[in-house]
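Colleague:
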Amino acid sequence: MTLAPEQKKTKKPKKLSMKARYEALTRGLDWEPSYVDKDEMFPHLDYEGIKIHDWAAWEDPFRLTIDAYCKYQAEKDKRLYAVLDGFAQGQGHLSLTDASYLNAMKIFLQGVTPLEYAAHRHFAYLARHFAGPGPRFAALCQSIDEIRHMQTEIHTLSNYNKLYSGMHNWPEHFDRVWYLSVPKSFFDDAMSCGPFEFLIAVGFSFEYLLTNLLFVPFMSGSSFNGDLPTMTFGFSAQSDESRHMTLGLEAIKFLLEQDEDNVELVQGWIDKWFWRSYRVTALVAQMLDYMLPRKVMSWKESFELYFEEQMLGGLFEDLAFYGIKPPRHVEDAIQEKELLSHQVYWTLYQFSFAAGFTTTMPSEEHLNWLSESYPDTFDTYFRPLWDKEAKNRENGGRHFAPGLPQLCQVCQVPMLFTEPGDPTTLCQRESEFEGEIYHTCSNGCQWIFEREPEKYRQAWLPVHQILAGNCGGPTVPDVLEWYGLQDGDAGEYLGSRDHQNWVAWQGEAAADTAAPSETKAGA
Amino acid sequence: MTIKSIGEYDFPSRSAQENYGDDQLVSVWFQNTMWFASPAMFRAPREMTWGDFKAQMFVPFAQEDPDYDPDAPRTWTLHGSPFEPEDGQTLSELGVRHKDVIGTRVAA
């Protein structure tokens with residue numbers, strides 16, 4: 004008798020739910036070391052003084068798995084690259100409001116894109132060094148996001164690089180050009196901290212407190228000024244940014260809940276990194292008020308909405324439950340909202356001969372908008388400067404500073420900020436450490452310096468280095484060559500290569516659009 | 061040491077006096093005009109006279125301001141205190157140290 008093989012009733016394996024897959028990914032893959040001890044495996048966790056009792060208490064609210072993550076990101080990239088192709092093929096750059104708008108994007112490419120890379124590197128480091136699988140995986144996802152942001156920003160803006168100046172050498176600019184030492188020093192500072200301070204510096208203070216002030220105005224500015232690719236990149240990044248913000252918030256709550264002793268350390272980091280992050284956003288302030296041909300909102304409005312209302316009025320009220328106070332020196336920042344963008348742009352205006360972008364004097368209409376947006380300060384303190392510059396230009400001049408500015412030892416911004424409550428006196432703070440004098444631009448930066456003078460004394464300050472002969476040579480052309488700047492990258496916008504091309508192309512574009520209707524009229 | 065570090069943390073200043081040989085860094089802060097967005101920094105020999113410092117560094121910079129009047133009497137400050145330099149004195153004789161800031165305004 005032949006027996007037919009018994010049919011095994013096999014059940015199709017049940018697919019795990021998303022939550023179960025996340026658990027398997029983040030909890031199931033952790034292990035206890037057998038041939039090294041935990042301190043040897045995770046050597047960076049104790050020296051900052053943070054106490055963690057239960058890493059499993061970390062809850063990632065997104066609970067992403069790798070397959071879901073890749074699927075979402077691939078879809079977003081597909082949409083972005085479709086827009087980029089369409090824009091490039093359709094000569095979309097001619098639909099911008101004005102070529103001068105791209106100065107904001109040059110600053111973005113030079114100053115923000117390398118920060119994405121720095122964030123990628125250091126979140127990868129955190130993904131290796133946190134002892135808990137939950138935060139390790141969250142840091143890994145953020146690391147991948149950051150490098151994706153860098154890549155998509157490069158691709159998005161490379162369309163413009165073919166046609167406009169100032170975008171050809173941004174990695175070297177980031178390492179060398181004076182104003183880019185502001186964002187660079189921020190991340191160098193953060194990356195040389197311990198893992199928990201970095202998490203508060205970037206994950207919380209930058210991503211959570213201030214990222215809205217960075218991304219929302221930039222991307223709305225793109226939308227308002229006809230820059231479809233950057234706007235699409237912004238939307239693509241936005242969902243990642245909200246995840247990063249949530250990571251930042253989750254991180255701070257986790258640290259505060261783990262041990263009461265963590266509160267004082269975290270407060271110190273919030274105090275420091277709020278001010279450092281805020282100083283970096285000074286570049287955004289001038290972009291909003293001066294570099295966008297079509298305005299979105301003033302810096303002051305933006306600061307009030309995203310920082311004062313949402314952060315101080317909402318977040319910090321929640322954090323008070325843990326014993327966390329609003330950041331030290333925040334009152335100085337609130338006072339500065341009336342002045343910041345004007346002081347920063349006036350500085351960039353006079354030093355743009357050595358920048359990777361161009362500047363020009365605001366038009367009458369623009370000046371009027373500034374007066375309306377800043378009724379208490381603009382006409383009193385800043386319009387007179389532009390009136391004087393208008394006369395200067397009529398007399399054949401154009402104000403470029405003939406020397407180098409004194410820089411703040413901490414934020415590295417030229418010492419352009421004024422005393423709190425006195426918009427006509429520059430703020431000079433002087434500290435002495437081991438016999439050497441160091442200057443800072445504000446109460447905030449002085450406090451940061453005096454807290455860790457050993458750190459900031461080794462800062463690479465562009466002006467000090469130029470004057471020490473370390474930047475290509477003693478003359479301005481030597482330094483500009485060392486920066487890798489080319490003709491057309493820097494200086495005055497009106498009459499620049501970008502401006503001349505824009506006028507010529509707009510003429511051709513106008514002729515092209517006029518042609519069919521003429522034919523139609525002829526027919 | 062205030063820095064919390066996993067190892068020894070001791071790095072020299074990158075702007076220390078010895079990086080500038082016989083020279084030093086000196087900043088000039090214009091206190092009665094916002095035309096110059098920030099104080100200007102120069103590299104000057106410690107033995108440079110005040111007269112030379114004014115002629116070779118201060119004046120070429122100050123002239124960029126269309127309202128600059130070379131004949132207007134000026135007051136000077138160092139570390140916030142009044143400072144009355146004479147043309148023949150050197151910066152070191154005047155007590156101007158590396159990275160000091162000299163304030164100036166047109167005398168009232």
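Residue numbers (our numbering), protein chains in the order written: chain A, 4 to 526; chain B, 61 to 168.
Note that beta-carbon positions come from the ideal geometry of N, C-alpha and C, so glycine has one too.
Once you ignore the five residues that flank A/H123 on each side, which residues in its own chain have a CB closer than 7 Å to its CB?
Modeller: S146, E149, I150 and M153
Colleague: According to the neighbour-count rule (16 or more other Cβ atoms, all chains shown, within 10 Å of its Cβ), is B/W129 buried or exposed?
Modeller: Sequence check: residue 129 of chain B is Asp here, not Trp. Answer is exposed; the Cβ neighbour count stays below 16.
Colleague: Tell me which residues share the same chain as A/R82 and place their Cβ nearer than 8 Å to its Cβ, disregarding the 5 neighbours each side in the sequence.
Modeller: T235 and S239
Colleague: Out of curiosity, what's the CA-to-CA distance linking B/M94 and A/L252?
Modeller: 41 Å
Colleague: Cβ of B/P72 less than 8 Å from any chain A Cβ?
Modeller: Yes, because at least one Cβ of chain A sits closer than 8 Å to the Cβ of B/P72.
Colleague: For the region 188-206 of chain A, which residues have a beta carbon sitting closer than 7 Å to at least one beta carbon of chain B?
Modeller: G197
Colleague: Have a look at A/A130 and A/P329 and give me their C-alpha separation to the nearest angstrom.
Modeller: 29 Å
Colleague: Please report the Cβ distance between A/L250 and A/G206, rounded to the nearest whole angstrom; I am assuming they are in contact, meaning their Cβ atoms lie under 8 Å.
Modeller: 6 Å
Colleague: Any contact between the region 491-506 of chain A and the region 161-169 of chain A? By contact I mean 3 or more CB pairs, one from each, below 8 Å.
Modeller: yes
Colleague: Does DSSP put B/V166 in a helix, in a strand, or in coil?
Modeller: strand
Colleague: Can you tell me the Cβ-Cβ gap for B/S75 and B/R106, rounded? I've got them flagged as a contact below 8 Å.
Modeller: That pair is no contact at about 16 Å.
Colleague: Who are A/E439's beta bridge partners in DSSP?
Modeller: A/F436
Colleague: How would you call B/A167, buried or exposed, if buried means at least 16 neighbouring beta carbons within 10 angstroms?
Modeller: exposed
Colleague: Given that B/V161 touches chain A, what residues does it touch there, using C-beta distances under 8 Å?
Modeller: Q409, Q431, E433 and H442
Colleague: Please classify B/I63 as buried or exposed, where buried requires at least 16 other C-beta atoms within 10 Å of its C-beta.
Modeller: exposed
Colleague: Okay, do the region 218-231 of chain A and the region 285-299 of chain A touch, 3+ Cβ pairs below 8 Å being the bar?
Modeller: yes
Colleague: Report buried or exposed for A/E119, applying the criterion of at least 16 other Cβ atoms within 10 angstroms of its Cβ.
Modeller: buried
Colleague: Please list, in chain order, the chain B residues whose beta carbon lies closer than 7 Å to that of A/M418.
Modeller: S98 and P99
Colleague: Along the chain, which unbroken stretches of the alpha helix (DSSP H) at least 4 residues long are found entirely within the region 36-79 of chain A?
Modeller: Within the region 36-79 of chain A, the complete alpha helix (DSSP H) runs of at least 4 residues are 41-44.
Colleague: Distance cutoff 8 Å, beta carbons only. Does B/L171 sit that close to anything in chain A?
Modeller: The question about residue 171 of chain B has no answer here: the residues shown for chain B are numbered 61 through 168.
Colleague: Can you tell me the Cα-Cα spacing of A/N106 and A/H332, whole angstroms?
Modeller: 31 Å
Colleague: Return helix, strand or coil for A/V331, following the three-state DSSP convention.
Modeller: In the sequence as displayed, the identity of residue 331 of chain A is Arg instead of Val. Note: A/R331 maps to coil in three-state DSSP.
Colleague: Could you work out which residues of chain B lie near A/N395, taking near to mean beta carbons separated by less than 7 Å?
Modeller: P126
Colleague: Just to confirm, are A/C411 and A/E422 a CB contact at a threshold of 8 Å?
Modeller: Going by C-beta atoms, A/C411 is not nearer than 8 Å to A/E422.
Colleague: Helix, strand or coil: which one does DSSP assign to A/E320?
Modeller: helix
Colleague: Using CA atoms only, rank isn't needed, just tell me which of B/F121, B/A115 and B/E124 is closest to B/D147.
Modeller: B/A115
Colleague: Give me the Cβ distance between A/S305 and A/L213, rounded to the nearest whole Å; I'm assuming they're in contact under 8 Å.
Modeller: Not a contact, Cβ separation roughly 11 Å.
Colleague: Quick one: is A/A518 buried, meaning 16 or more other Cβ sit within 10 Å of its Cβ, or exposed?
Modeller: Residue placement at A/A518 is poorly supported in this model, since its pLDDT is 45, which falls under 50; the coordinates still yield a value, given next. Flag for A/A518 reads exposed.
Colleague: Beta carbon of B/G155, beta carbon of B/W89: below 8 Å?
Modeller: no
Colleague: Taking 8 Å as the threshold (beta carbon to beta carbon), is B/A167 in contact with chain A?
Modeller: no
Colleague: May I ask you to report which of helix, strand or coil DSSP gives A/E422?
Modeller: Strand.
Colleague: Does the distance from the C-beta atom of A/D292 to that of A/G447 stay below 8 Å?
Modeller: no
Colleague: Do the region 51-65 of chain A and the region 255-275 of chain A meet, that is, are 3 or more Cβ pairs less than 8 Å apart?
Modeller: The region 51-65 of chain A makes contact with the region 255-275 of chain A; the number of CB pairs closer than 8 Å reaches 3 or more.
Colleague: Between A/V413 and A/T443, is the Cβ-Cβ spacing less than 8 Å?
Modeller: yes
Colleague: Does chain B have any CB closer than 8 Å to the CB of A/L286?
Modeller: no
Colleague: For A/W61, is the beta carbon positioned less than 7 Å from some heavy atom of the ligand SAM?
Modeller: The ligand content of the structure shown is nil, which means the ligand SAM is not present either.
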